[in-house]
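In our numbering, the protein residues as written are 171 to 258. Each remark here refers to the structure printed beneath this line.
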């Protein structure tokens, strides 16, 4: 399963509870690939509960291979190449 741009939008308590259950259910059972534009230290913006944040990150990194990519955004570059205006 792939979760793309996980940290892009702030989630409600109900949404983060479901997300945590998904992470917990897949932990040590199935693969999970996550992309996020936030470092783990900033995931308190995703999970409003500190204990849930630590537990989720703990499960995710336990058997993980982490790729940290500090490169230009592919989507931004593609939009610029097309001549799209970026809205902030």
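Glycine is no exception: its CB is placed at the ideal position from the N, C-alpha and C atoms. Since the model is a prediction, treat every value here as computed from it, not as a measurement.
query                                                                                                               : result
Coarse secondary structure for residue 210, derived from DSSP in three states                                       : helix
Beta-carbon proximity list for residue 220, same chain, < 6 Å, skipping 5 on both sides                             : none
Status (buried if at least 16 other CB within 10 Å, exposed otherwise) for residue 222                              : buried
Sequence-distant residues of the same chain with beta carbon closer than 8 Å to residue 201, five excluded per side : 171
Under 8 Å between C-beta atoms of residue 217 and residue 186                                                       : yes
Residue 193 versus 173, 182, 235, 207, residue with shortest Cα-Cα distance                                         : 173
Residue nearest to residue 190 in terms of C-alpha spacing, selected from 214, 245, 208                             : 214
Identity of the residue in 196, 205, 195 nearest residue 179 by Cα                                                  : 205
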